[in-house]
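One structure is given below, encoded as structure tokens.
Protein chains: 2
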Amino acid sequence: MKLATLKRGGRDGTLVVVSRDLTRCRAVPAIARTLQAALDDWESCEPQLRQAFEALDSGAIEGEPFDPAACHSPLPRAYQWADGSAYINHVELVRKARGAELPESFYTDPLMYQGGSDGFLGPRDDIVADETWGIDFEAEVAVVTGDLPLGAGPDVAAGAIRLVMLVNDVSLRNLIPGELAKGFGFFQSKPASAFSPVAVTPDELGEAWHGGKLHLPLEVTLNGQPFGKPNAGVDMTFSFPQLVAHITRTREAGAGTIVGSGTVSNKQGGLYGSSIANGGVGYCCLAEVRMYETIEQGKPVTPFMRPGDRVRIEMHDVAGRSIFGSIEQTVRGLTP
Amino acid sequence: MKLATLKRGGRDGTLVVVSRDLTRCRAVPAIARTLQAALDDWESCEPQLRQAFEALDSGAIEGEPFDPAACHSPLPRAYQWADGSAYINHVELVRKARGAELPESFYTDPLMYQGGSDGFLGPRDDIVADETWGIDFEAEVAVVTGDLPLGAGPDVAAGAIRLVMLVNDVSLRNLIPGELAKGFGFFQSKPASAFSPVAVTPDELGEAWHGGKLHLPLEVTLNGQPFGKPNAGVDMTFSFPQLVAHITRTREAGAGTIVGSGTVSNKQGGLYGSSIANGGVGYCCLAEVRMYETIEQGKPVTPFMRPGDRVRIEMHDVAGRSIFGSIEQTVRGLTP
């Protein structure tokens with residue numbers, strides 16, 4: 001089942017079921033007006049939504065044309081956005097670039113930060129920021145959970161994963177060092193994230209979804225050029241159920257909790273050969289290539305995003321069909 | 001105007017207006033079923049809510065008895081909970097206890113962390129946690145905002161403060177050092193917070209609300225004994241408008257954003273004379289007295305909370321009337 005949220009209809013938009021080929025959709029107000037409402041009452045809504053989805057997908061119901069540009073993020077705002085950092089290669093490179101060792105505990109205890117969730121960007125919305133902040137994208141996979149009790153372990157968490165989607169966790173790199181030095185984690189350095197137009201139930205991913213990971217390349221294009229295609233199922237140290245269980249160690253988690261994987265990153269040898277042009281799988285953020293440059297050449301060369309720069313994030317199934325639709329965002333400078 | 005949320009009626013409860021003396025209340029489904037719904041459409045709802053409140057308070061409408069034990073937090077869940085640390089004395093003591101200097105920037109750049117907001121505790125709900133986690137309370141003041149644009153400064157932020165309430169920002173002290181050492185801020189060490197039964201509009205506070213601060217003692221009782229009564233308007237380095245403006249430097253803030261003051265703390269000379277028994281204003285968390293003990297005696301003596309321990313947080317106006325009702329929570333151990 002594929003779901004999306006059109007921008008029309010208020011702050012939380014309008015929930016629609018979307019055909020597998022992403023060409024048609026249909027609002028389902030008799031079942032749930034918003035995705036959060038469906039998640040709040042999933043046991044009752046899910047079978048009805050599936051029925052509406054199958055009727056649309058089979059052609060029994062025509063629906064309306066699906067336009068990703070009319071979409072908000074599947075949850076335009078959420079009660080929780082917790083972003084892990086499950087691809088340790090990314091963290092290793094960050095540390096190596098500043099000459100620090102990776103603590104052993106990082107392989108057993110997930111890194112996770114609490115993100116702002118009061119308002120996300122739509123998948124085609126501009127990223128509005130000051131260029132001097134060091135604007136970067138982070139292409140990730142994310143899941144949406146149902147209710148989880150305090151102490152839920154990975155097995156319980158696995159059963160509570162309702163939806164899967166993509167995310168651009170926009171990051172302001174030049175604000176991060178100062179902010180992390182204060183000791184309380186990210187805040188101003190993590191502005192609003194954007195999610196893929198479509199969220200899908202895990203069964204929609206077929207064999208690509210196993211072990212609590214999504215085993216397909218995550219494709220990133222920067223200004224029309226291929227920039228990254230690492231496999232999201234490779235080098236993911238913590239599975240989604242493990243990330244979700246990290247939240248529930250000391251508290252419950254409410255329906256509609258979004259949990260991110262962190263920047264997808266596959267281990268590669270070094271700067272040479274890691275870019276797609278040189279036969280590598282490339283990168284899911286600018287910071288990663290800048291870290292390779294720092295490690296090997298003493299300083300970063302690739303600039304962060306500038307006004308007018310465009311990033312596109314998408315994932316195709318083995319048959320070449322777009323699963324979630326694409327995130328496509330352009331940077332727009334702050335007008336003083 | 002005073003507002004509260006009864007637990008009945010679903011995940012977001014039932015919005016009620018509450019009489020000034022906290023004895024009676026009245027649901028207002030024709031205006032807004034939930035507090036979030038009212039905040040989402042404040043310009044339209046606020047005058048209607050005031051009318052209903054005045055009719056109740058004047059006795060023109062009887063309403064029903066108000067029972068704080070039937071209350072959830074005013075927002076049972078929220079889209080954003082951002083907690084500042086505006087009382088620098090608290091931060092100074094933390095640093096001093098571990099022999100570190102306070103960076104000069106801490107006096108100009110607020111400390112703030114993104115808290116979990118997918119589910120709060122009701123004001124009379126138990127705190128369920130493992131005793132070995134180092135269970136502590138943090139008594140604070142918090143505000144709820146309307147929508148704010150990117151780049152909103154303190155003046156704009158001041159005009160968007162809709163409600164004021166109290167909060168117990170439950171903290172798991174023994175989990176904090178390891179978590180902060182990882183660099184991404186609090187997560188497991190900050191389980192669900194609880195808010196006062198009643199939230200009030202700033203005008204309800206009269207002269208006690210000025211300069212974006214609440215100038216009244218915040219009263220904390222531990223197991224029935226007075227533990228703290230520092231004035232929330234004293235030694236607050238950053239006002240609420242300044243804290244809110246910290247959020248909006250790089251992003252918008254959505255209606256219903258909750259912003260906390262951080263643990264209220266007044267500068268006192270040292271351990272002797274700072275407790276209420278010795279003529280001081282006491283403390284709003286156990287960590288603070290433990291820091292005085294560490295600084296003066298080499299190690300903390302006062303234990304953290306244990307199963308059965310009770311904390312009460314309340315604030316009275318100059319005439320001795322409870323403004324927000326009381327947070328009253330008992331610790332309950334985890335049952336394996």
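Which chain is which? The protein sequence lines are A and B, in order.
Mapping to the UniProt record's numbering: the first sequence position 276 is 276, numbers consecutive.
Mapping to the UniProt record's numbering: the second sequence position 137 is 137, numbers consecutive.
Built from N, CA and C at the ideal position, the CB exists for glycine as well.
Beta carbon of residue i nearer than 8 Å to that of residue j
{"i": "residue 258 of chain A", "j": "residue 75 of chain A", "result": "yes"}
{"i": "residue 56 of chain A", "j": "residue 24 of chain A", "result": "yes"}
{"i": "residue 18 of chain B", "j": "residue 2 of chain B", "result": "yes"}
{"i": "residue 110 of chain B", "j": "residue 68 of chain B", "result": "no"}
{"i": "residue 256 of chain B", "j": "residue 169 of chain B", "result": "no"}
{"i": "residue 167 of chain A", "j": "residue 264 of chain A", "result": "no"}
{"i": "residue 83 of chain A", "j": "residue 107 of chain A", "result": "no"}
{"i": "residue 308 of chain B", "j": "residue 130 of chain B", "result": "no"}
{"i": "residue 212 of chain A", "j": "residue 158 of chain A", "result": "yes"}
{"i": "residue 218 of chain B", "j": "residue 284 of chain B", "result": "yes"}
{"i": "residue 171 of chain A", "j": "residue 189 of chain A", "result": "yes"}
{"i": "residue 282 of chain A", "j": "residue 273 of chain A", "result": "no"}
{"i": "residue 300 of chain A", "j": "residue 312 of chain A", "result": "no"}
{"i": "residue 134 of chain A", "j": "residue 304 of chain A", "result": "yes"}
{"i": "residue 144 of chain A", "j": "residue 60 of chain A", "result": "no"}
{"i": "residue 180 of chain A", "j": "residue 183 of chain B", "result": "yes"}
{"i": "residue 48 of chain B", "j": "residue 194 of chain B", "result": "no"}
Proximity winner among the options, relative to residue i (alpha-carbon distances)
{"i": "residue 88 of chain B", "options": "B:253, B:145, B:236, B:249", "result": "B:236"}
{"i": "residue 139 of chain A", "options": "A:326, A:163, A:208", "result": "A:326"}
{"i": "residue 46 of chain B", "options": "B:190, B:60, B:160", "result": "B:160"}
{"i": "residue 72 of chain A", "options": "A:41, A:126, A:190", "result": "A:126"}
{"i": "residue 220 of chain B", "options": "B:1, B:275, B:128", "result": "B:275"}
{"i": "residue 94 of chain B", "options": "B:173, B:10, B:60, B:58", "result": "B:173"}
{"i": "residue 240 of chain B", "options": "B:30, B:39, B:86", "result": "B:86"}
{"i": "residue 52 of chain B", "options": "B:35, B:26, B:44, B:64", "result": "B:26"}
{"i": "residue 38 of chain A", "options": "A:105, A:157, A:162", "result": "A:162"}
{"i": "residue 354 of chain B", "options": "A:228, A:251, A:184, A:146", "result": "The question about residue 354 of chain B has no answer here: the residues shown for chain B are numbered 1 through 336."}
{"i": "residue 148 of chain A", "options": "A:310, A:203, A:321, A:248", "result": "A:248"}
{"i": "residue 151 of chain A", "options": "A:54, A:128, A:40, A:243", "result": "A:243"}
{"i": "residue 64 of chain B", "options": "B:156, B:22, B:36", "result": "B:22"}
{"i": "residue 201 of chain B", "options": "B:28, B:35, B:9", "result": "B:35"}
{"i": "residue 320 of chain B", "options": "B:42, B:14, B:105, B:205", "result": "B:205"}
{"i": "residue 164 of chain B", "options": "B:203, B:182, B:328, B:267", "result": "B:203"}
{"i": "residue 226 of chain A", "options": "A:104, A:277, A:155, A:287", "result": "A:277"}
{"i": "residue 70 of chain B", "options": "B:268, B:155, B:4", "result": "B:4"}
{"i": "residue 177 of chain A", "options": "A:146, A:287, A:238, A:266", "result": "A:287"}
{"i": "residue 331 of chain B", "options": "B:66, B:315, B:175, B:137", "result": "B:137"}
{"i": "residue 238 of chain B", "options": "B:50, B:262, B:335", "result": "B:262"}
Residue range of the unbroken beta strand (DSSP E) whose run includes residue i
{"i": "residue 258 of chain B", "result": "258 to 260"}
{"i": "residue 331 of chain A", "result": "327 to 333"}
{"i": "residue 6 of chain A", "result": "2 to 6"}
{"i": "residue 114 of chain A", "result": "112 to 115"}
{"i": "residue 83 of chain A", "result": "81 to 84"}
{"i": "residue 198 of chain B", "result": "198 to 200"}
{"i": "residue 228 of chain A", "result": "225 to 228"}
{"i": "residue 128 of chain B", "result": "127 to 129"}
Unbroken alpha helix (DSSP H) run spanning residue i, endpoints
{"i": "residue 291 of chain A", "result": "286 to 297"}
{"i": "residue 47 of chain B", "result": "42 to 58"}
{"i": "residue 179 of chain A", "result": "176 to 181"}
{"i": "residue 95 of chain A", "result": "88 to 97"}
{"i": "residue 247 of chain B", "result": "240 to 247"}
{"i": "residue 16 of chain A", "result": "Element bounds for residue 16 of chain A: not the alpha helix (DSSP H) but the beta strand (DSSP E), 14 to 18."}
{"i": "residue 264 of chain B", "result": "It is not in any alpha helix (DSSP H) - residue 264 of chain B carries neither H nor E in the DSSP assignment."}
{"i": "residue 157 of chain A", "result": "154 to 159"}
Close beta carbons around residue i, own chain, < 8 Å, minus the five adjacent residues each side
{"i": "residue 208 of chain A", "result": "214, 215, 216, 233, 317, 318"}
{"i": "residue 77 of chain A", "result": "11, 12, 117, 118, 119, 120"}
{"i": "residue 270 of chain A", "result": "292, 295, 296"}
{"i": "residue 41 of chain A", "result": "32"}
{"i": "residue 132 of chain A", "result": "174"}
Residues of its chain near residue i, where Cβ-Cβ distance is below 7 Å and the 5 sequence neighbours each way are ignored
{"i": "residue 153 of chain B", "result": "245"}
{"i": "residue 102 of chain B", "result": "91, 92, 95"}
{"i": "residue 20 of chain A", "result": "2, 57"}
{"i": "residue 223 of chain B", "result": "309, 310"}
{"i": "residue 187 of chain A", "result": "179"}
Close beta carbons around residue i, own chain, < 6 Å, minus the five adjacent residues each side
{"i": "residue 81 of chain B", "result": "115, 117, 258"}
{"i": "residue 338 of chain B", "result": "Nothing can be reported for residue 338 of chain B: it is not among the residues displayed for chain B, which extend from 1 to 336."}
{"i": "residue 306 of chain A", "result": "131"}
{"i": "residue 128 of chain A", "result": "332"}
### Message
Count Cβ pairs between the segment 286 to 296 of chain B and the segment 96 to 108 of chain B that sit closer than 8 Å; are there 3 or more?
### Response
yes
### Members of the segment 102 to 136 of chain A near chain E, C-beta cut-off 9 Å
Protein chains in the displayed structure are A and B, and chain E is not among them.
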